[in-house]
Amino acid sequence: MPYRAPLADFQFLFDHVVGFEQVSGTDLFAEATPDTVEAILSEAGKLCETVLAPLQRAGDLHPAALENGVVRTSPGFAEGYSAIAEGGWMSIAANPEHGGMGLPMALTTAVNEMMGSACLSLQLNPLMTQGQIEALEHHASEEIKALYIPKLISGEWCGTMNLTESQAGSDVGALSSKAVPNGDGSYAISGQKIFISWGDNDFTANVCHLVLARLPDGAAGTKGISLFMVPKFIPDADGNPGRRNSLSVVSLEHKMGLHGSPTAVMQYDDAQGWLIGEAHKGMAAMFTMMNNARLGVGVQGISVAEGAYQHALAYAMDRKQGRTPVEGTGAIIDHADVRRMLATMKAEVFSARAIALSCAVAIDMARATGSAEWQARAALLTPINKSFGTDTGMAVADMGLQVHGGMGYIEETGAAQYLRDVRVTAIYEGTNGIQAMDLVGRKMMDGGEAAFRMIEEIEQNAHGVRAQYPNMSTAVWNAAESLREATEWLVTQEMNDRFAGAVAYQRAFARVLGSHYHLRAAMAEGCDGPRTALARVAIKRLLPEYAALLVQARAGAAGLYALSDEDLAG
1 MPYRAPLADF QFLFDHVVGF EQVSGTDLFA EATPDTVEAI LSEAGKLCET
51 VLAPLQRAGD LHPAALENGV VRTSPGFAEG YSAIAEGGWM SIAANPEHGG
101 MGLPMALTTA VNEMMGSACL SLQLNPLMTQ GQIEALEHHA SEEIKALYIP
151 KLISGEWCGT MNLTESQAGS DVGALSSKAV PNGDGSYAIS GQKIFISWGD
201 NDFTANVCHL VLARLPDGAA GTKGISLFMV PKFIPDADGN PGRRNSLSVV
251 SLEHKMGLHG SPTAVMQYDD AQGWLIGEAH KGMAAMFTMM NNARLGVGVQ
301 GISVAEGAYQ HALAYAMDRK QGRTPVEGTG AIIDHADVRR MLATMKAEVF
351 SARAIALSCA VAIDMARATG SAEWQARAAL LTPINKSFGT DTGMAVADMG
401 LQVHGGMGYI EETGAAQYLR DVRVTAIYEG TNGIQAMDLV GRKMMDGGEA
451 AFRMIEEIEQ NAHGVRAQYP NMSTAVWNAA ESLREATEWL VTQEMNDRFA
501 GAVAYQRAFA RVLGSHYHLR AAMAEGCDGP RTALARVAIK RLLPEYAALL
551 VQARAGAAGL YALSDEDLAG
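For the sequence shown, this note's numbering puts the final residue at 570, and the numbers step up evenly by one.
Now the structure itself:
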């Protein structure tokens, strides 16, 4: 499918909206100069437009398959992966000590979005590897780091994450996989894992699995889980793939979408593995990779939204149908309702992209400064980004199909693929409901301080431009003040009452944040131009949703339990 990298939008957000200058102003990221950022975005954009985008339909029409125990990937995926690896795109944020570029996560986030728009099925592979690199950097022994990270950075090897079991989905602590010491510093890992993205492939020399399992003395629940590196091929004395480990792909899932990405059921039968981090502290180590993935999955939603928007826009500008009260080209883009959908899609993509990049900036600033406030901001924005990014992906893909009309329901147009591919993003790496509960629970253990700081920033920004944009600034300020009041109520409630309104609260927060970033874009434009017009769409048409959401957020849990199980079944 044709794809045009939105380079100007990324540059505008970096320069005027998300505060990237703070990141490049630190000693750690001093090399992220404007010229470097522009060059990296430009080269990544070319790769996505010319190499990866042509693979999108191939992955859907010719899925990965398991043949005699060997995974055969979609046509062109091996060459696409080689282009990603040879270009060094796996290593943008990785530590230079092991061959990485050491550049900001914000830049990685922009590149990952473009790759996901071009071919999401393939982009899942480097996303998993990037998360594994970060987990190893933080938790692995020096020996493991030296052996694995350079190979992962180069793309010679790739990484996976093995958490889920058939009886242990979101409740990871219910896992039954076991790890038994071998007496030589390694462990025998046994168990079965499901839903393993890119559990195997036919284009890397090794696949490195991070596997959660329980040691014999591990306590029940998550507190007794440990993390292990279990490679497909055990490295020899020279660090090259040696003998085959005792693990296998049992089957590949038949999925609604993402057909080019093999999702495996993995079987481990006394497979040799090595402990990552401390014994019984596996969840802490795995959360490093999971948080990276949660940022990345939110961005995947935005990737699909951008691709679906471009696809729908091209169709709307070409399809001749009907008459309108306004003069135009005669294409359906002249119709007010089609224009409403396209403007909504574009505004939503901007909001979600700004939230994701702001989250990445907070992660970069926390890393560069060690500031507790930046760490809290990154933690607050992570669930919001994951949920709103993926919700936006689904909504925009669905709207894109609607723009196509009846042709959208026909697979040959490609519009339906976006919706099928993106649907899982709201489910994996913690469902959006779990993200919302995390936001109102763990992320509010500070009494809401991080949220209040964010809200204060939004209100100050809106107040500062009341003379220039009186209507939009007043609307944003009022919404932020309502969000403050709801947050004050929230932190005084019992946890289940918080949980009952968590999804609505999380979406209201995203609505206010998105409008805040649209207002900043209008401020930066400084005239009544296209970004100001788009801000009006977001603030006048989309922001008002916050009021109804905050009513739901404060409804409490009692009404939900007033309906018995029998009532729900009746």
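Every residue gets a Cβ at the ideal spot worked out from N, C-alpha and C, and that includes glycine.
Subject >> Cβ-Cβ distance between Q59 and G260 below 8 Å >> reply: Contrary to the premise, residue 59 reads as Gly rather than Gln in this sequence. Yes, these two residues count as a Cβ contact at 8 Å.
Subject >> Within 8 Å, strictly: CB atoms of M394 and R367 >> reply: no
Original post:
Using the C-alpha atoms, what's the distance from A352 back to A118?
Top reply: 18 Å
Subject >> Span of the beta strand (DSSP E) around H516 >> reply: That residue, H516, is in no beta strand (DSSP E); its alpha helix (DSSP H) goes A502 to E525.
**OP:** Could you spell out where the alpha helix (DSSP H) holding F452 opens and where it closes?
**Re:** E449 to G464
**OP:** Check the C-beta distance from G212 over to L163 and give it rounded, since I have them as a contact under 8 Å.
**Re:** Before going on, a small fix: residue 212 reads as Leu here, not Gly. Their Cβ separation, rounded to whole angstroms, is 5 Å, which keeps L212 and L163 in contact under 8 Å.
Original post:
What did DSSP end up calling H139 once you bin it into helix, strand or coil?
Top reply: helix
Original post:
Going by C-alpha distance, which of M317, E566 and N461 is nearest L519?
Top reply: N461
Original post:
Apart from the five residues on each side of it in sequence, which residues of its chain come closer than 6 Å, Cβ to Cβ, to A524?
Top reply: H16
**OP:** Using the Cα positions of I434 and M495, report the straight-line distance between them to the nearest angstrom.
**Re:** 13 Å
Original post:
Considering only C-alpha positions, which residue in the set G19, H335 and M341 is nearest to Q402?
Top reply: M341
Subject >> Pairwise C-alpha distance: Q167 and M445 >> reply: 30 Å
Original post:
Taking DSSP as the reference, what is the three-state secondary structure of F228?
Top reply: strand
**OP:** Report the three-state DSSP secondary structure of H209 (helix, strand or coil).
**Re:** strand
**OP:** Select from K281, L47 and L107 the residue whose C-alpha is nearest the C-alpha of P34.
**Re:** L107
Original post:
For the candidate residues L55, Q552, K151 and L357, whose alpha-carbon lies nearest to that of T382?
Top reply: L357
Original post:
How would you call K193, buried or exposed, if buried means at least 16 neighbouring beta carbons within 10 angstroms?
Top reply: buried
Subject >> As assigned by DSSP and simplified to three states, the class of A188 >> reply: strand
Original post:
Is N162 helix, strand or coil when you go by DSSP?
Top reply: strand
Subject >> Under the three-state DSSP convention, the category E253 falls into >> reply: coil
**OP:** Would you grab the beta carbon distance between A305 and V265 for me? Rounded to a whole angstrom, and I think it's under 8 Å.
**Re:** Not a contact, Cβ separation roughly 30 Å.
Original post:
What separation, rounded to the nearest whole angstrom, lies between the Cα atoms of E373 and G25?
Top reply: 18 Å
Original post:
Does the region 46-54 come close enough to the region 109-126 that 3 or more CB-CB pairs lie under 8 Å?
Top reply: yes
**OP:** Look at V111 and M365 and say whether their C-beta atoms are less than 8 Å apart.
**Re:** no
Subject >> Minimum length 4: unbroken alpha helix (DSSP H) runs contained in the region 348-414 >> reply: 372-404
Original post:
Are P231 and N245 closer than 8 Å when you measure CB to CB?
Top reply: yes
**OP:** Taking the CB atoms as reference points, tell me whether L147 and G239 lie closer together than 8 Å.
**Re:** yes
**OP:** Specify, as a first and last residue, the run of the alpha helix (DSSP H) that I434 falls within.
**Re:** N432 to V440
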